[in-house]
Structure formats: C-alpha cells, structure tokens
Amino acid sequence: MAETMIKADGLVKRYGDFTAVKGVHFEVYQGEVFGLLGPNGAGKTTTMEMIEGLRQPDEGHAVVAGFDTRTQLNRVKQVIGVQLQSTSLFDLLKVHEIVRMYASFYPNSVPIEPLLDDMILQEKRNDRVKNLSGGQKQRLAIALALVNDPQVVFLDEPTTGLDPQARRMLWDIVLRLKERGKTIVLSTHYMEEAHALCDRICLMDSGQVIALDTPRNLVRNLQSDSAIEFRLEGADGWSGERQEAITEALREVSEVKQVDQRKDIFVLYTDHLQTSLVDLIGRAEAQGWRVQELQTRTATLEDVFIHMTGRSLREA
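Residue numbers for the sequence shown follow this note's numbering, beginning at 75 and rising by one.
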C-alpha cells in the first residue's frame, strides 16, 4: 500500500454555537488526487485549512508527511503548497515578479521559467496580475503553490467561476502534477470534476464525511448502472402520504433497485433500463400519472449524493 501522506484524525471546528466540521477522519496516500466533494458550506475549506495549519482545530489533529500540525507546523509548511484565492494576489506586480517574490520565501525553490511554462504563463510573464483572466489568475495561484516543490499540494475549488476551456486547462495541469508524483488534495462542488480527476473522493455534507471511496465504487454502491429521471405533474403539491404511496408504487416497477424523490422529481435506479422504462410507462398510463421531462442516463456521483442526503449538490 502507498505511504500515508495525510492523516486527519477527528477534526472538529466550532464557531460559537455552530460546528462547521464534525469529527472528520480520513487518510490521503502518496501520489493520489484526493477529492473533497460537497456543496458550499459542507466544511471542505475549513477541513483543508486545519490540515494546512492555517486554522487550529478545536478537537482532533492532522499529520502531514509525518509531521504533526500542532507541534511541527514549520516542518509542515516546508512540504506543502497551498493555492491562494486569486483575490489574495498582488494586482500591481507582474507575473514573473510575484513568482520570484514567493520563491524568495523558501531556501529551496524550483526554477521560475520552467514553472511559468508548465502553468502556460510564459507569454504573460510581463503582464500585471490585475490584467490576467480568471483562468490565468488561477494558474498563477497554482504556480505560487509549487515554487517550493512541495510533496503535497492543496487546491481549494480551483476552477470555480471559470469557463469550460479554462477549467479543462486546469484539469490537465492537475493530472500532470499527479504524473510527477505529487499528492494533491482538491476541493470542489463539481461532480464531473471530481469524477475526472480524483482517485478517491471524500463526500462531505454539513461538516461530516458521509462517504469515502473511489468514484467508481461510490456509484457502484447504488447497485445500479442507469437512472430514469422524470417529473410527475402536481406531485410537489401532494400530501406526504400520497407522495409516499407513489414512491412505494414506483419501487414495484420491474428491475428497479432504488427510488429517490425530491419534490416532484423521481429517480429510479436500474440495471435493466429498457425493461424498467417499458414497465414505468405502462404503469403511468394505467394509473393516470402525467410523466414529464423523462430522461435516462448513467448513474453519477450526483445520484450518490441525492441518495445519501435527499437533495442534489445544487440544492444543498
């Protein structure tokens, strides 16, 4: 088994009466991309900040590359790189100036020009930070996290607000870092991003870990390959008793393994899509259900989150 690079042991963070992180446990292995996936407010950033040593936990502790963040924080800082939010950058400095400034903070730093090449910033090296696009600022933030050649890189929602092309460019950078043996902790609320980049995903909600596994295994635990999603006209105005009766009836649809519901949206999970679909349509006609916006698709991490919390990532 790969070496454990990070161990989070019962991390708790409180703000007055509010507990933002509620006893988080996990391990991250050398060379993997480890994802923290969850909605805004799930506790992802606070968890990362406690592991980075930027925020003191109220309970529990974290160990990074063998160093305890409580007693060996200076050693931890030498082996990690943390992507800053773009709002933290010095707008009036030129790209190469800010990278050189950050490099000067460390006794050992990587060569600057190859780093700018890697981050696709060489053509922007003499531009001021304030004139960069959102994607360029995020790539610069990652460059600053890499100047000390860290063993562990923390990326906190690096693609939020970026257009699809800029997002894909950052995905490529993350995968290249993985190829070089870096251990990466990535927080995101984009399901497709977590699925594309992460070796394992820690699914978080309301400050707690609700699931942790590979993307494939998380979806496999639904025990179904396909999903049938649709609306039933008027269902959001039905009584709870009637909604439960409909849900029970849908569980009887041929080959359906699970049924989830959010307001007037129903999702049936099945390994035999055609059989289930034909039976559903027949039952809808017989019962007088008005099925709308019906679609079929492969089961996803969104379905995992819905099944475990009763709501989608977008609604959370």
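In this text, a Cβ means the ideal position worked out from N, Cα and C, and glycines have one as well.
Small disclaimer: the values here were computed from a predicted structure and weren't measured.
Next item on the list: May I ask you to report which of helix, strand or coil DSSP gives D230?
Entry: To locate residue 230, count along the sequence shown from 1; it is residue 156. The answer is strand: DSSP assigns D230 an E or B state.
Check: Of all the options R241, M124 and D91, which has the alpha carbon lying nearest to the alpha carbon of L85?
Finding: Indexing the sequence shown from 1 puts residue 85 at position 11. Comparing Cα positions, the closest option is M124.
Next item on the list: Can you have a look at F141 and say buried or exposed, based on whether 16 or more other CB atoms are within 10 angstroms of its CB?
Entry: Your numbering for residue 141 matches position 67 in the sequence shown. Answer is buried; the Cβ neighbour count reaches 16.
Next item on the list: With a threshold of 16 other CB atoms inside 10 Å of the CB of N222, please say whether the residue is buried or exposed.
Entry: In the sequence shown, counting from the first residue as 1, residue 222 sits at position 148. It counts as buried.
Notebook entry, point to check: Which residues share a DSSP beta bridge with H346?
Noted result: The residue you call residue 346 lines up with position 272 of the sequence shown. According to DSSP, H346 bridges with nothing at all.
Margin query: Would F228 and Q152 qualify as a contact pair, given that the criterion is a beta-carbon distance under 9 Å?
Written below: Taking the sequence shown and counting its residues from 1, the one referred to as residue 228 is at position 154. Taking the sequence shown and counting its residues from 1, the one referred to as residue 152 is at position 78. Not closer than 9 Å, so no.
Next item on the list: Taking 9 Å as the cut-off, decide whether the C-beta atoms of I80 and T257 are in contact.
Entry: Counting from one through the sequence shown, the residue named residue 80 turns up at place 6. Counting from one through the sequence shown, the residue named residue 257 turns up at place 183. Result yes, Cβ atoms of I80 and T257 sit closer than 9 Å.
Next item on the list: Tell me whether L197 sits in a helix, a strand or coil according to DSSP, three-state version.
Entry: Locating residue 197 in the sequence shown gives position 123, counting from the first residue. Here residue 197 is Glu; the residue named in the question, Leu, does not match the sequence. Note: E197 maps to helix in three-state DSSP.
Item checked: 3-residue-minimum beta strand (DSSP E) runs that sit fully inside the stretch 263–336, ordered along the chain -> 274–279, 282–287, 300–306 and 330–336
Next item on the list: Would you mind sorting V352 into buried or exposed? The rule is 16 or more other CB atoms within 10 Å of its CB.
Entry: Working through the sequence shown from its first residue, we reach residue 352 at position 278. That one is exposed.
Checklist line | Strand pairing of I258, partner residues [DSSP] | finding: Here residue 258 refers to the residue found at position 184 when the sequence shown is read from its first residue. Answer is V107 and V227, bridged to I258.
Check: Grouping DSSP H, G and I as helix and E and B as strand, with all else coil, what is G97?
Finding: Within the sequence shown, numbered from 1, the residue matching residue 97 stands at position 23. Reduced to three states, the DSSP call for G97 is strand.
Notebook entry, point to check: Does DSSP put Y89 in a helix, a strand or coil?
Noted result: Position 15 of the sequence shown holds residue 89. Note: Y89 maps to strand in three-state DSSP.
Margin query: Give me the residue from H346, V259 and G281 with the minimum Cα distance to I302.
Written below: Working through the sequence shown from its first residue, we reach residue 302 at position 228. Ranking H346, V259 and G281 by Cα distance to I302 puts H346 first.
Note to self: Residues in the same chain with beta-carbon distance under 6 Å from T163, minus the five sequence neighbours each way, listed in chain order, please.
What the structure shows: Your numbering for residue 163 matches position 89 in the sequence shown. First, the amino acid is wrong: residue 163 is Leu here, not Thr. Excluding residues within five positions, the ones whose Cβ falls inside 6 Å are V203.
Check: Using the C-alpha atoms, what's the distance from E197 back to K168?
Finding: One-based indexing of the sequence shown puts residue 168 at position 94. One-based indexing of the sequence shown puts residue 197 at position 123. Answer to the nearest angstrom: the Cα atoms are 12 Å apart.
Notebook entry, point to check: Between the stretch 281–296 and the stretch 131–151, do three or more beta carbon pairs fall short of 8 Å?
Noted result: no
Next item on the list: Give the straight-line distance between the Cα atoms of R88 and D192, rounded to the nearest whole angstrom.
Entry: Within the sequence shown, numbered from 1, the residue matching residue 88 stands at position 14. Within the sequence shown, numbered from 1, the residue matching residue 192 stands at position 118. The straight-line gap from Cα to Cα measures roughly 39 Å.
Check: Under three-state DSSP, which class holds V184?
Finding: In the sequence shown, the residue the question calls residue 184 occupies position 110. Reduced to three states, the DSSP call for V184 is coil.
Notebook entry, point to check: With 16 as the cutoff for other CB atoms within 10 Å, does H263 come out buried or exposed?
Noted result: The sequence position of residue 263 within the sequence shown is 189, counting from 1. With 16 or more other Cβ atoms within 10 Å, it is buried.
Margin query: So the candidates are G235, F92, K96 and E106; which of them puts its Cα closest to the Cα of T73?
Written below: As displayed, the chain neither begins before 75 nor continues past 390, which places residue 73 out of reach and without an answer.
Margin query: I need the DSSP call for D192, collapsed to helix, strand or coil.
Written below: Numbered from its first residue, the sequence shown carries residue 192 at position 118. Three-state DSSP puts D192 in a helix.
Notebook entry, point to check: Can the beta-carbon of Y103 be found less than 9 Å from the beta-carbon of A139?
Noted result: As a working mapping, residue 103 is identified with position 29 in the sequence shown. As a working mapping, residue 139 is identified with position 65 in the sequence shown. No. Outside cutoff.
Notebook entry, point to check: Based on the DSSP secondary-structure assignment, which residues constitute the bridge partners of K168?
Noted result: Numbered from 1 along the sequence shown, position 94 holds the residue referred to as residue 168. Paired residue(s): R202.
Item checked: Span separating the alpha-carbon of E318 from that of V327 -> Taking the first residue of the sequence shown as 1, we reach residue 318 at position 244. Taking the first residue of the sequence shown as 1, we reach residue 327 at position 253. Each residue's Cα considered, the two are about 15 Å apart.
Next item on the list: Compare the beta carbon distance of V259 and L111 with 9 Å and say whether it is the shorter of the two.
Entry: Translated into the one-based positions of the sequence shown, residue 259 becomes position 185. Translated into the one-based positions of the sequence shown, residue 111 becomes position 37. No, they are not a contact pair.
Next item on the list: Report yes if the CB atom of E329 is closer than 9 Å to the CB atom of T344, and no otherwise.
Entry: As a first step, residue 329 is located in the sequence shown; it is residue number 255 there, counting from the start. As a first step, residue 344 is located in the sequence shown; it is residue number 270 there, counting from the start. Yes.
Notebook entry, point to check: If you draw a straight line from the alpha carbon of V226 to that of G308, how long is it in whole angstroms?
Noted result: Within the sequence shown, numbered from 1, the residue matching residue 226 stands at position 152. Within the sequence shown, numbered from 1, the residue matching residue 308 stands at position 234. So the two alpha carbons sit approximately 51 Å from each other.
Next item on the list: For A323, count neighbouring C-beta atoms within 10 Å of its own C-beta (all shown protein chains included) and say buried if the count is 16 or more, exposed if not.
Entry: Working through the sequence shown from its first residue, we reach residue 323 at position 249. Exposed.
Notebook entry, point to check: With a cut-off of 8 Å, do at least 3 Cβ pairs link the stretch 230–242 to the stretch 168–186?
Noted result: no
Notebook entry, point to check: Under 9 Å, do C276 and A285 count as touching if we go by C-beta distance?
Noted result: On the sequence shown, position 202 is the one that residue 276 refers to. On the sequence shown, position 211 is the one that residue 285 refers to. A contact, by the Cβ cut-off of 9 Å.
Next item on the list: Pull up the distance between the alpha-carbon of E126 and that of S313, whole angstroms please.
Entry: As a working note, residue 126 is residue 52 in the sequence shown. As a working note, residue 313 is residue 239 in the sequence shown. Computed Cα separation, rounded: 48 Å.
Check: Is A136 helix, strand or coil when you go by DSSP?
Finding: By 1-based counting over the sequence shown, the position of residue 136 is 62. The answer is strand: DSSP assigns A136 an E or B state.
Next item on the list: Could you please give me the residues that DSSP links to F340 through a beta bridge?
Entry: For the purposes of this step, residue 340 is identified with residue 266 of the sequence shown, where counting begins at 1. For F340, which the question treats as bridged, DSSP gives the partners F304 and Q335.
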